[in-house]
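**Student:** Take a look at the following structure, please.
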Amino acid sequence: MSVSNRQIVDHWAQHASGVAVDWDQAHERCWRCGYRAELEKCPIVPESLGGTDTVDNLVLLCGRCGREAPVHQDPGYLWRWLRATSVSSHDTYWTLRGWEEFEVIFGRKPLECFKEAEVDHRSLNAECRALAADEFAKTVIHFGEGRLNPSTIACVIAEIEKKLADRHGITLP
Ligand SMILES: [Zn+2]
1 MSVSNRQIVD
11 HWAQHASGVA
21 VDWDQAHERC
31 WRCGYRAELE
41 KCPIVPESLG
51 GTDTVDNLVL
61 LCGRCGREAP
71 VHQDPGYLWR
81 WLRATSVSSH
91 DTYWTLRGWE
101 EFEVIFGRKP
111 LECFKEAEVD
121 HRSLNAECRA
131 LAADEFAKTV
141 IHFGEGRLNP
151 STIACVIAEI
161 EKKLADRHGI
171 TLP
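The letter at position 80 of the sequence shown is residue 80 when you use UniProt numbering, and the numbering goes up by one with no holes.
Below, the structure is given as C-alpha cells:
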C-alpha cells in the first residue's frame, strides 16, 4: 500500500500550519523551500526509529530539503525545523542561502564595497540581473538536484561582483 502525494497534502491541510506553501500548491512545491520540484515523501519519524508509511508520518520535500531535515524519533523536531526554516516567498530560498554561503566563504557581505562608492543602487541591481543570466550559464546543476547548491550560487555572486567592480573602478578586498 502506498500513499499518494495528494493524500499527504489532504491530511496535513487539516492538521498542520506554518509550512512554506499554500495547501493548494503543496502537491507540487516543496513545503520547506517553496520551489516547484520533484517532491519526495519524507518520513517525519524514520522507519528505523518506528515511523510508519502512513499520511500522518509523511511530508513532501524536495531532495535537498529532505537531506537537510532532522532525523529523530520525536516528530516535534521535524515540524519545528520546517516552520523555523521555511520561507513563504516562492523561489528565493536557495538564492538567499547562496548569499549566506558567500559570507561564509569570503568573510564579507556581497556587494558591500559598492555602498561607499557613488554607484546608483537601482542601476546596480539592474546590472546584477543582466550579468546573472550569463554567469548562471557557466554553472552546472548537480545531477538530480534541479537547482544550484548554495556554494555554487555564492561563486556566481562572486563573479558578478568582480565584473561590476571592474566596470565601476572599485577594488575588492
Ligand atoms: Zn525544498
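No residue lacks a Cβ here, since even glycine has one placed at the ideal position from N, Cα and C.
1. Any idea if V59 is buried or exposed, counting beta-carbon neighbours within 10 angstroms, 16 or more meaning buried?
2. With a threshold of 6 angstroms (Cβ to nearest heavy atom), would R6 be considered close to ligand 1?
3. Taking 6 angstroms as the cut-off, is the beta-carbon of R32 closer than that to any non-hydrogen atom of ligand 1?
4. So which of D56, H90, W81 and T95 has the shortest CA-CA distance to N149?
5. Take R6 and list the residues in its own chain whose beta-carbon comes closer than 8 angstroms to its own, dropping the five residues that flank it on each side.
6. Examine ligand 1 and report whether any of its heavy atoms sits within less than 6 angstroms of the Cβ of C62.
7. Determine the direct distance from the alpha carbon of V21 to that of Q73, and round the result to whole angstroms.
8. First and last residue of the alpha helix (DSSP H) that includes L78?
9. Can you give me the Cβ contacts of V9 inside the same chain, cut-off strictly under 8 angstroms, excluding the 5 residues immediately before and after it?
10. Does any heavy atom of ligand 1 sit closer than 6 angstroms to the C-beta of C42?
11. How far does the beta strand (DSSP E) with C42 in it reach, from first residue to last?
12. Give the secondary structure of R108 by DSSP, where H, G and I count as helix, E and B as strand, and everything else as coil.
13. Take the Cβ of V156 as the centre, count every other Cβ of all protein chains shown within 10 Å, and call the residue buried at 16 or more, exposed below.
14. Across the segment 154 to 168 and the segment 127 to 142, are there enough close Cβ pairs to call them in contact, namely three or more that are closer than 8 angstroms?
15. Could you confirm whether any beta carbon from chain C is found closer than 7 angstroms to the beta carbon of A154?
**Tutor:** In brief:
1. Residue 59 sits at position 59 when you count from the first residue of the sequence shown. It counts as buried.
2. In the sequence shown, residue 6 corresponds to position 6, counting from 1. No heavy atom of ligand 1 is found nearer than 6 angstroms to the CB of R6.
3. As a working mapping, residue 32 is identified with position 32 in the sequence shown. R32: yes, Cβ under 6 angstroms from ligand 1.
4. Position 149 of the sequence shown, counted from the first residue, corresponds to residue 149. Looking at the Cα atoms, T95 is the closest of the given residues.
5. Counting from one through the sequence shown, the residue named residue 6 turns up at place 6. Hits under 8 angstroms: H27.
6. Translated into positions along the sequence shown, residue 62 becomes position 62. Yes, ligand 1 has a heavy atom inside 6 angstroms of this Cβ.
7. Counting from 1 along the sequence shown, the entry for residue 73 is found at position 73. Counting from 1 along the sequence shown, the entry for residue 21 is found at position 21. The straight-line gap from Cα to Cα measures roughly 25 angstroms.
8. Taking the first residue of the sequence shown as 1, we reach residue 78 at position 78. Per DSSP, the unbroken alpha helix (DSSP H) holding L78 starts and ends at P75 to T85.
9. In the sequence shown, counting from the first residue as 1, residue 9 sits at position 9. In chain order, W23, A26, H27 and L60 place their CB closer than 8 angstroms to the CB of V9, counting only its own chain and leaving out the 5 sequence neighbours on each side.
10. As a position in the sequence shown, residue 42 is number 42, starting the count at 1. Annotation for C42 indicates a beta carbon at 6 angstroms or more from all heavy atoms of ligand 1.
11. The residue given as residue 42 occupies position 42 in the sequence shown. E40 to P43 is the span of the beta strand (DSSP E), which, as asked, contains C42.
12. The count along the sequence shown starts at 1 and reaches residue 108 at position 108. DSSP places R108 in coil when its eight states are reduced to three.
13. What you label residue 156 is simply residue 156 of the sequence shown in a count that begins at 1. Answer is buried; the Cβ neighbour count reaches 16.
14. Enough Cβ pairs lie closer than 8 angstroms, so yes.
15. Absence of chain C from the displayed structure is noted, only one protein chain being present.
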